[in-house]
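Residue numbers (the numbering used here), protein chains in the order written: chain A, 375 to 631; chain B, 4 to 17.
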């Protein structure tokens with residue numbers, strides 16, 4: 375039997391909002407480690423990997439590893455029925471074909487439950503090796519989202535270039551071109567406002583902007599975003615969820631013809 | 004502009 379009680383239920387809501395437009399159907403895996411998902415978008419260009427560690431839950435019971443196939447857009451619809459401060463409990467019976475979502479208001483005066491049918495989803499699981507990246511940029515997530523949105527008004531691709539000068543985001547389109555440079559900035563009042571660049575070697579990679587823009591839907595989950603870049607490798611765009619887990623997006627680069 | 008690579012070209016199925 376599975377019973378997971380998440381006091382900060384809004385986390386699950388935000389996670390679904392972050393991935394529902396990228397992935398249609400996916401398996402949520404539950405094990406002693408936590409509640410996780412790995413899935414690719416339909417064109418296999420992007421991959422999302424998320425984890426809510428078991429410690430993130432007030433009560434975490436998962437008797438055996440279980441994989442639950444769900445339509446993410448329907449799951450997002452169900453989660454939208456929860457209040458912003460609701461406690462969310464997920465329940466499933468062993469061998470059952472449904473997942474129950476229970477929403478409790480903070481003062482316990484309203485309790486709702488929604489049952490969703492599980493689906494059989496044939497999904498491919500990819501092994502992602504631990505890699506030393508040539509450059510790692512940590513910056514405010516809202517700033518990154520703003521840059522991606524601004525550039526998407528100009529072009530379809532984003533070149534991310536890290537040098538010792540800083541990180542440069544560039545695009546080019548029919549109306550012209552744009553470059554936005556962010557320099558390392560650690561002299562800020564709040565650590566979440568810092569931009570930190572760790573660079574082993576300069577690196578430039580080009581990506582489809584619409585995917586990067588879609589990843590920024592995870593912005594409400596974290597004040598900071600981390601971009602990990604290496605030549606000829608997918609970029610990793612990571613939003614850490616406090617001490618509780620993460621959501622990582624992997625995006626394959628575009629290369630010159 | 005450019006050729007879009009696929010994520011499966013980088014990571015192996017487990």
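Ideal Cβ positions, reconstructed from N, Cα and C, are used throughout, including at glycine.
Remember, it's a predicted structure, so these values are computed and weren't measured experimentally.
The distance from the Cβ of residue 413/A to that of residue 422/A is about 6 angstroms, consistent with a contact at the 8 angstroms cut-off.
For residue 585/A, the uninterrupted alpha helix (DSSP H) segment begins and ends at 583-589.
When C-beta distances to chain B are compared with 9 angstroms, the residues of the segment 476-500 of chain A below that value are 498, 499 and 500, in chain order. For residue 380/A against residue 404/A, the beta-carbon gap comes to about 13 angstroms, at or over 8 angstroms, which does not count as contact.
Beta bridge pairing from DSSP links residue 441/A with 403/A. One alpha carbon belongs to residue 491/A, the other to residue 473/A, and they sit about 6 angstroms apart. Relative to residue 540/A, the option among 505/A, 511/A and 484/A whose CA is nearest is 511/A. Of all C-beta pairs linking the segment 548-560 of chain A to the segment 592-607 of chain A, fewer than three are shorter than 8 angstroms, placing the two stretches out of contact. Sequence-distant Cβ neighbours of residue 447/A in its own chain, meaning closer than 6 angstroms and more than five residues away, are 394. Between residue 535/A and residue 577/A, the C-beta gap is smaller than 9 angstroms, which places the two residues in contact. Taking CB atoms only, residue 624/A has a neighbour in chain B less than 9 angstroms away. In the three-state reduction of the DSSP assignment, residue 549/A falls in the coil class, being assigned neither a helical nor a strand state. The segment 425-432 of chain A and the segment 440-454 of chain A do not touch, with fewer than three beta-carbon pairs separated by less than 8 angstroms. Residues of chain B with a Cβ closer than 7 angstroms to the Cβ of residue 580/A are, in chain order, 5. At least one CB of chain B lies nearer than 9 angstroms to the CB of residue 419/A.
The Cβ atoms of residue 17/B and residue 499/A sit closer than 9 angstroms to each other.
Bridge pairing for residue 595/A: absent [DSSP]. Taking 9 angstroms as the cut-off, the beta carbon of residue 579/A is found closer than this to the beta carbon of residue 533/A.
Against chain B, the CB of residue 628/A has a partner CB under 9 angstroms away; the residue lies at that interface. Along the length of the segment 458-521 of chain A, whole beta strand (DSSP E) runs at least 3 residues long occupy 461-466, 472-478, 485-491 and 509-514, reported in chain order.
DSSP lists 422/A as the beta-bridge partner residues of residue 413/A.
Residue pairing for residue 408/A: DSSP places it in a beta bridge opposite 427/A. Judged by DSSP in its simplified three-state form, residue 531/A adopts strand. Residue 400/A places its beta carbon less than 9 angstroms from that of residue 411/A. Pairing residue 477/A with residue 460/A gives a Cβ-Cβ distance under 9 angstroms.
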